[in-house]
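Q: Note that this note's numbering has the sequence shown beginning at 79, numbered continuously upward.
Ideal placement from N, C-alpha and C gives every residue a C-beta, glycine not left out.
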Amino acid sequence: MGMVEFLRDLPKAELHVHIEGTLEPELIFEMATRNGIAPSHASVEELRAAYEFSNLQEFLDIYYVGAAALRTEQDFYDMTLAYLRRAAADGVRRAEVFFDPQTHTERGVAFPVFMSGMGAALQTARTDLGISADLIMCFLRHLPAETAMETLDAALPYRDLFVGIGLDSSEVGFPPELFVDVFDRAGAEGLHRVAHAGEEGPPEYVWAALDSLEVERVDHGVRALEDSDLVARLAADQVPLTVCPLSNVKLGGFARLEDHSLATMLDRRLKVSINSDDPAYFGGYVGENYTATQQALGLTADQMVTVARNSLDSTFLDRASKDELLAELDDYVAASAELS
Ligand code: ADE
Ligand code: ZN
Numbered sequence: 079m080g081m082v083e084f085l086r087d088l089p090k091a092e093l094h095v096h097i098e099g100t101l102e103p104e105l106i107f108e109m110a111t112r113n114g115i116a117p118s119h120a121s122v123e124e125l126r127a128a129y130e131f132s133n134l135q136e137f138l139d140i141y142y143v144g145a146a147a148l149r150t151e152q153d154f155y156d157m158t159l160a161y162l163r164r165a166a167a168d169g170v171r172r173a174e175v176f177f178d179p180q181t182h183t184e185r186g187v188a189f190p191v192f193m194s195g196m197g198a199a200l201q202t203a204r205t206d207l208g209i210s211a212d213l214i215m216c217f218l219r220h221l222p223a224e225t226a227m228e229t230l231d232a233a234l235p236y237r238d239l240f241v242g243i244g245l246d247s248s249e250v251g252f253p254p255e256l257f258v259d260v261f262d263r264a265g266a267e268g269l270h271r272v273a274h275a276g277e278e279g280p281p282e283y284v285w286a287a288l289d290s291l292e293v294e295r296v297d298h299g300v301r302a303l304e305d306s307d308l309v310a311r312l313a314a315d316q317v318p319l320t321v322c323p324l325s326n327v328k329l330g331g332f333a334r335l336e337d338h339s340l341a342t343m344l345d346r347r348l349k350v351s352i353n354s355d356d357p358a359y360f361g362g363y364v365g366e367n368y369t370a371t372q373q374a375l376g377l378t379a380d381q382m383v384t385v386a387r388n389s390l391d392s393t394f395l396d397r398a399s400k401d402e403l404l405a406e407l408d409d410y411v412a413a414s415a416e417l418s
């Protein structure tokens with residue numbers, strides 16, 4: 079078996095994917111047409127050609143326009159199921175999927191619409207694809223913290239449809255401390271907590287995510303390497319970092335994938351996983367992120383197994399379910415070793 083096939087079928091979890099970032103141009107056009115919305119570009123090709131970004135904000139500006147094609151329960155169902163099918167084909171056994179409610183409520187699309195659509199797709203995936211999947215609700219940090227609290231209130235009737243909360247959108251200028259109250263409240267509700275930190279923002283934002291928001295995982299966290307005390311803390315506590323290599327290159331964090339710090343992070347014993355972030359925009363789903371990163375950094379099969387193991391062990395599943403998936407991983411690795 080070649081490395082590409084080995085990595086494709088390697089049992090893994092995806093822990094950092096924005097469902098709105100899986101909306102492919104073809105689906106944007108299909109939905110815009112059926113919803114009577116004028117498309118932002120003349121063709122699918124022109125829209126895809128516009129996906130050139132030099133930083134996070136340039137991407138977000140286009141991403142929010144794309145998400146505006148989503149109007150109906152069916153739209154949210156189709157988008158979510160399309161992603162889960164793609165993920166299952168990449169060996170994903172467990173997905174913890176971000177959604178951005180404020181992107182929709184601000185446009186007049188209400189909780190029952192998107193929660194029902196996404197919830198039904200998760201159920202289809204569990205029964206038909208054999209993949210375990212849950213949602214994590216993210217607050218947009220460029221909006222006031224009071225609106226995050228209102229969003230949490232509006233979401234609580236759907237409490238059984240999501241397992242945690244996160245924090246995303248424009249990072250620099252919007253430090254984690256702004257969201258302490260809503261994270262505290264979510265914690266009291268028994269929700270898991272994660273936050274984007276150290277994508278474009280400084281190491282101080284990673285410290286604040288850990289100490290002020292009490293997150294269980296850090297999304298991205300690549301800039302943590304600039305602070306050796308922070309690296310020591312993340313390694314000692316084995317805080318999961320959900321790294322997104324193709325995203326980091328597309329948004330200018332690294333000039334080339336060959337320059338990515340993921341190998342260094344592994345060497346420092348950080349608990350990193352590989353994820354796709356916004357695969358419709360960044361040129362690859364989780365499978366491509368695994369294969370391209372392995373090749374660019376010359377990572378060994380053992381290192382890639384460590385990444386997959388980290389991903390499964392960093393899920394919000396209970397211990398028994400995690401152990402089941404980890405045993406599946408061990409069996410897969412043992413069977414592959416016999417083949418080669
Ligand atoms: N929303 C979607 N993708 C994001 C990213 N990479 N960083 C921050 N917010 C996002
Ligand atoms: Zn992200």
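Does any heavy atom of the ligand ZN sit closer than 6 Å to the C-beta of D355?
A: Because some heavy atom of the ligand ZN lies under 6 Å away, the Cβ of D355 counts as near it: yes.
Q: Pull up the distance between the alpha-carbon of R149 and that of A116, whole angstroms please.
A: Cα to Cα, the separation comes out at about 13 Å.
Q: Look at L159 and T202 and say whether their C-beta atoms are less than 7 Å apart.
A: Cβ distance < 7 Å, so L159 and T202 count as in contact.
Q: Would you check whether the ligand ADE has a heavy atom nearer than 6 Å to the C-beta of S247?
A: Yes - the ligand ADE has a heavy atom lying nearer than 6 Å to the Cβ of S247.
Q: Distance cutoff 7 Å, beta carbons only. Does I106 sit that close to anything in chain D?
A: No chain D is part of this structure, which consists of one protein chain only.
Q: Please classify R185 as buried or exposed, where buried requires at least 16 neighbouring CB atoms within 10 angstroms.
A: With fewer than 16 other Cβ atoms within 10 Å, it is exposed.
Q: Applying the criterion that 16 or more other CB atoms from any shown protein chain within 10 Å of the CB defines a buried residue, is A145 buried or exposed?
A: With 16 or more other Cβ atoms within 10 Å, it is buried.
Q: Throw me the rounded Cβ distance for the A314 and L308 pair, which I believe falls under 8 Å.
A: Actually they do not touch by this definition, with Cβ atoms about 11 Å apart.
Q: Would you list, in sequence order, the uninterrupted alpha helix (DSSP H) runs of no fewer than 4 residues that lie entirely inside the stretch 133–177?
A: Fully enclosed alpha helix (DSSP H) runs of 4 or longer: 134–145, 151–167.
Q: Per DSSP, which one or two residues make a beta bridge with G242?
A: DSSP, once it has assigned bridges, lists I214, H270 as partnering G242.
Q: Hey, could you find the ends of the beta strand (DSSP E) D297 is sitting in?
A: Element bounds for D297: 295–298.
Q: Count the other CB atoms, across all protein chains shown, that sit within 10 Å of the CB of L105; report buried if there are 16 or more and exposed otherwise.
A: Buried.
Q: Do you know how far the Cα of V250 is from the Cα of D355?
A: If I take the Cα positions, the gap works out to 18 Å.
Q: Can G330 be considered in contact with the ligand ADE, in the sense that its beta carbon sits closer than 6 Å to one or more heavy atoms?
A: It does not: the Cβ of G330 is nowhere closer than 6 Å to a heavy atom of the ligand ADE.
Q: Hey, L417 and M79: beta-carbon distance below 7 Å or not?
A: Contact: yes.
Q: Should D289 go down as buried or exposed, given a rule of 16 or more other Cβ atoms within 10 Å for buried?
A: So D289 counts as exposed.
Q: Please classify N388: is it buried, with 16 or more other beta-carbons within 10 angstroms of its beta-carbon, or exposed?
A: The residue in question, N388, is buried, as its Cβ has 16 or more Cβ neighbours within 10 Å.
Q: Find the nearest neighbour of A415 within the set D380, L390, E255, judged by alpha-carbon distance.
A: Closest by alpha carbon: D380.
Q: What are the boundary residues of the beta strand (DSSP E) that A91 is part of?
A: First-last of the beta strand (DSSP E) with A91: 90–92.
Q: Determine, using beta carbons only, whether G362 and L324 come nearer to each other than 7 Å.
A: Yes; because the gap between Cβ atoms is below 7 Å, this pair is in contact.
Q: Measure from the alpha carbon of T100 to the alpha carbon of each residue in S118, Y141, E136, E108, then state which is nearest.
A: Closest option to T100, Cα to Cα, is Y141.
Q: Taking 7 Å as the threshold (C-beta atoms), are R163 and G365 in contact?
A: Their beta carbons are not under 7 Å apart, which means G365 does not touch R163 by this criterion.
Q: Assign D153 to buried or exposed, taking buried as 16 or more other Cβ atoms, counted over all protein chains shown, within 10 Å of its Cβ.
A: The residue is buried, with at least 16 neighbouring Cβ atoms inside 10 Å.
Q: CB-CB under 8 Å to K400, same chain, minus the five flanking residues each way: which ones, in chain order?
A: If we look at K400 and ignore the five residues flanking it on each side, its Cβ neighbours are L390, D391, T393.
Q: Give the straight-line distance between the Cα atoms of A91 and H298, rounded to the nearest whole angstrom.
A: The straight-line gap from Cα to Cα measures roughly 15 Å.
Q: Express the C-alpha separation of G268 and D396 in angstroms, rounding to a whole number.
A: Spanning the two alpha carbons is a distance of roughly 14 Å.
Q: Look at L245 and R219 and say whether their C-beta atoms are less than 7 Å apart.
A: A contact, by the Cβ cut-off of 7 Å.
Q: How is D356 classed by DSSP in three states: helix, strand or coil?
A: Reduced to three states, the DSSP call for D356 is coil.
Q: Can you determine whether any heavy atom of the ligand ADE sits closer than 6 Å to the C-beta of G276, and answer yes or no?
A: Result no, Cβ not under 6 Å from the ligand ADE.
Q: Using alpha carbons as the reference points, say which of D168, F177, A287 lies closest to G242.
A: For the residues D168, F177, A287, the minimum Cα distance to G242 belongs to F177.
Q: Is it the case that the Cβ atoms of V385 and S351 are separated by a distance below 7 Å?
A: Yes; because the gap between Cβ atoms is below 7 Å, this pair is in contact.
Q: Under a Cβ-count criterion, where at least 16 other Cβ atoms within 10 Å of its own Cβ denotes burial, should I372 be classed as buried or exposed?
A: Note on residue identity: the sequence assigns Gln, not Ile, to residue 372. So Q372 counts as buried.
Q: With a threshold of 6 Å (Cβ to nearest heavy atom), would H96 be considered close to the ligand ADE?
A: Yes, the beta carbon of H96 sits closer than 6 Å to at least one heavy atom of the ligand ADE.
Q: Is it right to say E83 is buried, meaning 16 or more other beta carbons lie within 10 angstroms of its own, or is it exposed?
A: It is exposed - the Cβ of E83 has fewer than 16 other Cβ atoms within 10 Å.
Q: Using 10 angstroms around the beta-carbon of D190, count the other beta-carbons present and answer buried if the total reaches 16, otherwise exposed.
A: Per the sequence shown, the amino acid found at residue 190 is Pro instead of Asp. The residue is exposed, with fewer than 16 neighbouring Cβ atoms inside 10 Å.
Q: On the three-state DSSP scale, how would you describe H182?
A: Note: H182 maps to helix in three-state DSSP.
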